[in-house]
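Residues 1158 to 1622 in the numbering used here are what the sequence shown lists, from first letter to last. Think of the CB as a built atom: it goes at the ideal place given N, C-alpha and C, for glycine as much as any other residue.
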Amino acid sequence: MKPVEASSDVEWEYVGAELGDSRLRQRLVQVAKALDLEPGASIPDAMETDAALEGAYRFLGNESVTPDGILAGHFIEAAARAETESWVIAVHDTSLFKFGETGTRTGLGHLHGKTEGFLGHVSLLVAPGETRRPLGVLSLQTIVREQPKKRAKGEKRKRPAFEMRESQRWLRGVEATEQRLAGSSPVVHVMDREGDSFDLWSALAARGSRFVIRSSHDRRLKEGKISNALSRVQTVVERTVALTKRPNQKIEFNQGRYPPRNARLAKLAIGAAKLTLPRPAGAAPGCPETLDLNFVYVREVETHGGNAPVEWTLVTTEPVQTSAEIERIVDIYRSRWTIEEYFKAIKTGCAYEKRQLESFESLVNALAIFIPIAWRLLLVRTLSRDLSDEPALQALTPDQLEVLAAFSHKRLPKNPTVREAMLAIASLGGHIKNNGDPGWIVLGRGFEKLLAYELGWQMRAKRDL
């Protein structure tokens, strides 16, 4: 694995911001540094002075400041990290950001009940391989839903024009990702069941985009349905994978419920087939009459303890001729869980939904500032879990390790591993060794202290020169 080039200063992710004014860029770096020191703190607590707090609020509400402008530097850095890989995975997903009841803030949209907020659609770059190392974000879209209008009895719901539909965010995320990579790294796009759309698949295939998407609709073929064809597919590969525990929870986009499950090893039977899909009724203008795609069918065998068996139907443009190619499709799709952890880093590690900002514009600008900070938190946690024996310099700078050795509650070895450094950071945040792996809150709190200590360390070094 190639090491991530780390900097002791979060400024590297923001210096390329495109805000049209050097003073705004300077303010962005100041705000980002303060929030990076204390990701979970409120904005008033993170700012050291009243002047800094007033400046932060002015910046977030400035009409010239946009999320893409704030993130321009991070987009460049993420694309540069992608260049060190032979190819990369772009995981796309949407999360709801909720901010209380109707009328408490301006510009927000309807989510459910009386709750207001907006949708955030993120495209996260991930390095291939079992570690699934996050490389950064290449697209952020925000969507505000209008309050549903009451229809007269018998009145049919009017669908918006195709290009105005909310579902277009998936294609826009792909387009933005590929534009910012500029051909420097081959990319395979990954989406969950919300990406199950003939319109989307057609558009991606037409532009030559590569993808692995989980299918949820049992579509009609010329003869029978997809399920009929896949039931006849011969098992080519059997493998055992570790499944994490999943509590009973609602998912966010009208797809029913994911059943709860216990952590277990699952034995999977995997096969593949090439299918020709006819154009469905109601397809978008320009869709072809037929579309040839590869399907990989994954099912769990020998389930125990009443667990619902795993069953995935994955549609892809990637080759599936050999057992190795088929297994690769499954591994690419499994990288999708990285973005769920990323949203946890934003919501829990950075406490984003607790931000007391009064307008949609201020909230989305704040989200853009937290995008790189959450990436750093996810990177440290990912490396500590999956590359626990690798040198800690894979995730932290020499200065950070020196500071950590000086302030850690337990003595660090001379050349600590990633996991030893992560546990030392977590101990700064109050983690108790026997309580399992640290959660996002504890890790975020410990990282706050490490960065604060590092800042003081650097100031002392400058004073001693």
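Counting along the chain, Glu1211 sits inside no beta strand (DSSP E); it lies in the alpha helix (DSSP H) bounded by residues 1207-1217. For Ile1483, same chain residues with a beta-carbon under 8 Å away, outside a window of 5 residues either side, are Val1393, Val1394, Ile1427, Gly1428, Ala1429, Val1453, Val1477 in chain order. Relative to Thr1206, the option among Gln1187, Gly1197, Ile1246 whose CA is nearest is Gln1187. The Cβ-Cβ distance between Leu1569 and Ala1552 does not fall below 9 Å.
For Val1301, the secondary structure class from DSSP, reduced to helix, strand or coil, is coil. Taken atom to atom, the span from the alpha-carbon of Arg1533 to that of Ala1502 is near 9 Å. Restricting attention to Thr1470, Arg1322, Phe1564, the CA atom closest to the CA of Leu1425 is found in Thr1470. Assignment of Pro1224 by DSSP, reduced to helix, strand and coil, places it in the helix class. Of all alpha-carbon atoms in Gly1230, Ile1582, Gly1212, Gly1277, the one lying nearest the alpha-carbon of Phe1517 is that of Gly1277. Counting only the Cα atoms, Arg1436 lies some 48 Å from Gly1197. Closest option to Leu1422, judged by alpha-carbon separation, among Arg1396, Trp1327, Asp1556, Pro1442: Arg1396.
Between Ala1189 and Ala1229 the beta-carbon gap is near 13 Å, outside 8 Å, which marks them as no contact. For Ile1246, the beta-bridge partners assigned by DSSP are Val1283, Val1345.
Sixteen is the threshold: since fewer than 16 other Cβ atoms of the shown chains lie within 10 Å of the Cβ of Gly1286, the residue is exposed. In the structure shown, Val1390 adopts coil according to DSSP, grouped into three states. DSSP places Val1188 in the helix class (H, G or I) of the three-state scheme. Residue nearest to Ile1233 within the set Thr1251, Val1294, Pro1595, His1566 is Val1294 (criterion: CA-CA distance). Here the C-alpha atom of Lys1504 lies approximately 10 Å from the C-alpha atom of Leu1524. Under DSSP, Val1537 forms no beta bridge with any residue.
Three or more beta-carbon pairs drawn from the segment 1346-1361 and the segment 1236-1251 are found closer than 8 Å, and the two stretches are therefore classed as touching.
The C-alpha of Arg1262 is placed about 8 Å away from the C-alpha of Leu1514. An exposed status is given to Trp1244, since fewer than 16 other beta-carbon atoms sit within 10 Å of its beta-carbon. Ala1191 and Ser1354 have their C-alpha atoms spaced approximately 42 Å apart. Taking a C-beta distance under 9 Å as the contact criterion, Val1222 and Asn1522 qualify as a contact pair. Comparing alpha-carbon positions, the option among Ala1578, Arg1576, Arg1602 lying closest to Gly1587 turns out to be Arg1602.
For Trp1469, the enclosing beta strand (DSSP E) covers residues 1468-1473. Taken in chain order, the unbroken stretches of alpha helix (DSSP H) that lie wholly in the segment 1515-1589 and span 4 residues or more are 1517-1543, 1555-1564, 1575-1585.
Cys1507 and Ile1383 have their C-alpha atoms spaced approximately 42 Å apart.
Annotated as distal: Tyr1490 and Pro1291, with beta-carbon spacing of 9 Å or more. Beta-bridge annotation (DSSP): Thr1263 is paired with Ser1516.
If you keep only unbroken beta strand (DSSP E) runs of at least 3 residues inside the segment 1423-1504, you get 1447-1458, 1468-1473. By the Cβ rule, the segment 1365-1381 does not count as touching the segment 1456-1465, because fewer than three pairs are nearer than 8 Å. A straight line joining the alpha-carbon of Arg1180 with that of Val1172 spans about 12 Å.
Leu1378 carries a coil assignment under DSSP once its states are collapsed to helix, strand and coil. Around the beta carbon of Ala1236, 16 or more other beta carbons sit within 10 angstroms, so the residue counts as buried. Ala1440 is the residue among Thr1288, Ala1440, Ser1324 whose C-alpha sits nearest the C-alpha of Ser1359.
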